[in-house]
Amino acid sequence: MLLVVIMAATTTLTLGLVLHGETNHPYERTRVATAGPDVVANIIPPTQNATGKVTQQQLRDLNTLAHAPGVVGHSGPYPVTWAVLGAHGLTASAEVEGRDRAPASIDQPRVTEGSWIRNGGVVVERTFAEALGVHTGDSIKLNGRSLNVVGIAVTAAFSPYPEICTDGCDLNTPQLSNTPGLVWVTQDEARSLSSFEEPLTYYLNLKLSDPAQAVAFTNKYNNFNSAVTPSLYTWQQISQDDGQLLKKEQLVLMVASWLLGLLAVASVAVLVGGRMAEQIRRVGLLKAVGGTPGLIAGVLLAQYLLLALLAAGAGLALGRLIAPVLAGPGAGLLGTAGPPPVTAANIGVVVAVAVAVAVAAALVPAVRAARISTVRALSDTARIPRRRAWLIALSARLPVPLLIGLRVAARRPRRIVLSVLSIAVTVSGIVAVLFAHASLDASQSGASSGLANPQSERGNQILLIVTFMLVALAAVNAVFITRTTVQDSRHASAVTRALGATPGQITAGLCAAQVLPALAGAVLGITGGIALYLAVKGGGATVIPPIWWFVAVVVGTVIAIAGLTTIPSRLGARRPVVEILRAETA
Amino acid sequence: MSTAIGTPILSARGLRKEYGKEEGLVRAVDTVDIDVAPGETLAVMGPSGCGKSTLLHLLGGLDRPSGGEVWLDGRRLDQMGERALARMRRQSVGFVFQAFHLMDELTAQENVELPALLAGSSPRSARQRAVDLLEQVGLPDRRAFLPSALSGGQRQRVAIARALSNEPRVVMADEPTGNLDSAAAVDVLRLFDSLHDAGQTLVVVTHNSRIAATADRMITMRDGAFVDETNLTGGTAGHLGALIGLEG
Amino acid sequence: MQQEVVLALLAKEPSYGYELRARLGQALGPLGDAINAGQIYVTLGRLEKAGLVSCERSSGLADRPDRKVYELSPAGQQRVADWLTEMRWPKPDLAEFHLKLVAAAAAGLADPISIVDAQRRELLRRLRDAQRAAMAEPDRSDAALLLEGVVLRMQADLRWLEACEQSWIDRKATS
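Chains as they are written, first to last, in this note's numbering: chain Y, 321 to 906; chain L, 391 to 638; chain Z, 286 to 460.
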């Protein structure tokens, strides 16, 4: 049992660490594969322009940039416009870049399916293609005109769908949404797609002699006071936009691993506490036969150490297996095939944590036992339950199952606290997830209807996995706590049954001793979850999920705990009374 | 076969309890018939492992027989469901155990209150009853003491008070003086005597011949079966002086 | 030396004087060392005079008591039968009861276990009476103290009787 718990903790820790160490490799890879630009310069037609086109001056500005000091190469300027895209019955918006058939020296999108553009053909950016569900050979419409999808490609010059417009898109046509996707066509095609509402803009890709100087370059040439001069942005900004998604996911996972870690600590505390009496006895025995404190600590430690090491190993392996599911770079970038590496540092941390848990589990009973005399350690009075006179008096006024339940709970108040906290942590996580989910849903409503938003899909996926893990560990916790409680109170239960309580009343009591703290924990968790989400989400508006979700969480928690605790309680309540009474000479 | 006059308050026919099977079959109680008259004190004696404790558990509804019938207060126990048995234990039977089996974290008074609370009494009436009973067993000033602060004899008296809480038809005692020294045993003895005088039906399983001597009837058990039955109230042994050799 | 004991030892079959002494020694163990041969022959003489025992001289030998063959007379047999069912409890000599059991078993006259049971029943009744008497007296009075002593001794005797019972049951099981 302890093994499972420590394993869960080590798995999540591994996940958290591995993903935290994720670097921006996918973007790097894509940049290398596509000869991505260091700086992208973009001009848009001035708003007061009667023709609706870019001026000659603007084009000259671009040309100047292309030959500025520090620039060693350029591609473009390429015409870009916006169009309404229709595919498989879905309507979306597209940013259309006109390109040459011949490969460019800077920013040549890497084709992953099919081939590059030709007349009458269009190449779709990979994330966009996945969201639309188009493949090579399909036919799509741009502004009503039918085109053949000849290929799918990725690029490092733009953020993948739906994040193209992180720097703002200047869209005039109402039908166009603000989450467009990227497609490439021939330059002529692009020009013919432009209209008065959506005139051509131009993009220039620049390569610098020193890519690290990109920020300084853009600072030098960006003029934020003017809307007509070229606006520049760096490859680092694009990389950052790409990384945003990953960062968000990392954040979620980091928080999740903390929550799971807390739950695991609670589990371990319960388990160790449950075994405390036994361990103290063992220490007493060792002392009685002359064991030195060193020997005693050694014996206890050896017991737990093996367990901890096994759990650490299993957790690392499991974490390594799960990580790729969560750490994928997304369709818009080239990723690796294998799982992210588990560094030596990660292994070290996980093993250290597992060992620390083992040491704690071993030392606490040892220290406790060292403080009391050997005689007391050997006798069963080492763990006399607590007595709360007012609780006992109160319980007398309640119906029998609640009487039993309250007295059972009052015997081990620390365990009840752990129970409440464990549920509170779980519900906090779930509530935060609900908020995040609602926020994702809301952002999705801005996108074109029917289109899958890969970002929110992935987000939801991760949230689901996190929720699942939280619930699983909380369930394991609940079962442990119940089993320990049932074991602990078996003498009291047997005596109570001998005095005339039915097994049903005992079962109900044992369940109540778990369900009521769970209710408290759930309510606490709602508050905690709100606080957690607010603390973590950073900027942006807070979308409040419907109230009935919260009610459902509380009710669901209560029902789940009741269900989980019923079975061990029932089993405990039906053991033959005489067996227990014979065994316990209390 | 053990017989008693009048309608017995407790009786069993062909009572059996077996464990294991075939080669390993152990007959803890081997086809026993018994009748206990109301107000009678019955002692069951026998060597360790003869099955007397098992018999008591079967008669009190704490354990289920492998075969046979048990009738308590006119109701058949061996066919009752768990809930009905629990009700039986609440209303008709009080148990006293060798190991006392008090709750460590409850005071003497709270321990004695418990059966009444389980039977649905109000807290006030349960408390009053507990106070009265503790006085009856001679511990009026120990009400607020925890079991750990009481001597063995005192603990057993609390247990006896607890057993009397719901005015049971039969009190069953399983080696009540097993864990007590002789002085404490005498206290328990006196208590049983006074209960008997008050008309309480008592079935006692014991090693202790002094306890057995308080009974009206004594049954000897061996290997799960009754082998002897003695009426202790019939015919005395003659003048007490003979006991100390004052006569010839 | 109790006369009945010697009688009972003859119940199984007639025997020489020295044989009787040997049997007695065997039954009593180290406690029997205190008994000397003379006591047995004196008792045998008395029994003969009382007509409970008849004696024969084995042919062709001089007139020596240990060479005489002793045998129970019908009156003697009756006496033994009565003795076996007697419920007297002698104090503090347990040897008589012990020998009663030994003799009964050896001669096949009665089941020692039922003798023990009967004695136990009787003792229990006496214990009950003594106990009631003790509890009826005021606490810590002289009478109460004396009666308590009686009760405790009877309790000890009852424990011994249980041990006797168990021992004879075991003997029966292994024989």
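Glycine residues also receive a C-beta, built at the ideal position from the N, C-alpha and C atoms.
Asked: Alpha-carbon spacing of residue 511 of chain L relative to residue 572 of chain Y, whole angstroms; Found: 55 Å
Asked: Under the three-state DSSP convention, the category residue 398 of chain Y falls into; Found: strand
Asked: Option nearest residue 355 of chain Z by Cα separation, candidates Z:399, Z:453, Z:373, Z:336; Found: Z:336
Asked: Chain Y contacts made by the region 486 to 505 of chain L, where a contact means CB separation under 9 Å; Found: 487, 488, 489, 490, 491, 492, 493, 494, 495, 496, 497, 500, 503, 504, 505
Asked: Backbone CA spacing between residue 341 of chain Z and residue 353 of chain Z [nearest angstrom]; Found: 6 Å
Asked: Selection of the region 737 to 760 of chain Y by Cβ proximity to chain L, strictly under 7 Å; Found: none
Asked: Nonlocal neighbours in the same chain, by C-beta distance under 8 Å from residue 436 of chain Z, ignoring five residues either side; Found: 412, 415, 416, 419
Asked: Beta-carbon separation (whole angstroms), residue 583 of chain Y vs residue 599 of chain Y, contact threshold 8 Å; Found: Between residue 599 of chain Y and residue 583 of chain Y the Cβ distance is about 23 Å, and since that is not below 8 Å, they are no contact.
Asked: Residue 621 of chain L at chain Y interface by Cβ criterion, 9 Å; Found: no
Asked: Min CB distance residue 707 of chain Y to chain L below 9 Å; Found: yes
Asked: For residue 623 of chain L, three-class secondary structure by DSSP; Found: coil
Asked: Below-9 Å beta-carbon distance, residue 702 of chain Y vs any chain L residue; Found: Note that residue 702 of chain Y scores 48 on pLDDT, short of 50, meaning its location in the model is unreliable and no value can be drawn from it.
Asked: CB contact flag (residue 443 of chain Z, residue 515 of chain L, <9 Å); Found: no
Asked: Residue 480 of chain L versus residue 474 of chain L: straight-line alpha-carbon distance, rounded; Found: 10 Å
Asked: Chain-order list of residues whose beta-carbon lies under 7 Å from that of residue 492 of chain L (same chain, five-residue window excluded); Found: 501, 537, 545, 548, 549
Asked: Beta strand (DSSP E) segment containing residue 525 of chain Y, residue limits; Found: 521 to 528
Asked: Check whether residue 532 of chain L and residue 555 of chain L have beta carbons under 9 Å apart; Found: no
Asked: Cα-Cα separation, residue 669 of chain Y to residue 578 of chain Y; Found: 14 Å
Asked: Contained alpha helix (DSSP H) runs [length at least 4] in the region 847 to 874 of chain Y, N- to C-terminal order; Found: none
Asked: C-beta atoms of residue 636 of chain Y and residue 666 of chain Y nearer than 9 Å; Found: yes
Asked: Unbroken alpha helix (DSSP H) run spanning residue 374 of chain Y, endpoints; Found: Per DSSP, residue 374 of chain Y belongs to no alpha helix (DSSP H) and is neither H nor E.
Asked: Sub-9 Å separation of residue 295 of chain Z and residue 361 of chain Z beta-carbons; Found: yes
Asked: Inter-stretch contact at 8 Å, needing at least 3 Cβ pairs: the region 605 to 616 of chain Y / the region 749 to 761 of chain Y; Found: no
Asked: Beta-carbon proximity of residue 911 of chain Y to residue 556 of chain Y, cut-off 9 Å; Found: Missing from the structure shown is residue 911 of chain Y; chain Y here goes from 321 to 906 and no further.
Asked: Cβ of residue 447 of chain L within 9 Å of any chain B Cβ; Found: Chain labels in this structure do not include chain B; the protein chains are Y, L and Z.
Asked: Three or more C-beta pairs below 8 Å linking the region 468 to 479 of chain Y and the region 429 to 439 of chain Y; Found: yes
Asked: The region 410 to 427 of chain L in contact with the region 878 to 893 of chain Y per 3-pair CB rule at 8 Å; Found: no
Asked: Among Y:516, Y:365, Y:736, the one whose alpha carbon lies nearest that of residue 549 of chain Y; Found: Y:365
Asked: Residue nearest to residue 289 of chain Z in terms of C-alpha spacing, selected from Z:368, Z:302, Z:453; Found: Z:368
Asked: Reference residue 443 of chain L; option with closest CA among L:612, L:617, L:621; Found: L:612
Asked: Cβ of residue 598 of chain L within 9 Å of any chain Y Cβ; Found: no
Asked: contact_flag[the region 736 to 743 of chain Y, the region 832 to 844 of chain Y] where n(CB pairs < 8 Å) is 3 or more; Found: yes
Asked: Short Cβ contact (9 Å threshold) for residue 589 of chain Y with residue 738 of chain Y; Found: yes
Asked: Contact belief for residue 892 of chain Y with residue 813 of chain Y at Cβ below 8 Å, rounded distance in angstroms; Found: 7 Å
Asked: Under 7 Å from the C-beta of residue 509 of chain L: neighbouring residues of chain Y; Found: 820
Asked: Close Cβ partners of residue 571 of chain L (< 8 Å) along its chain, the five nearest in sequence each way excluded; Found: 542, 543
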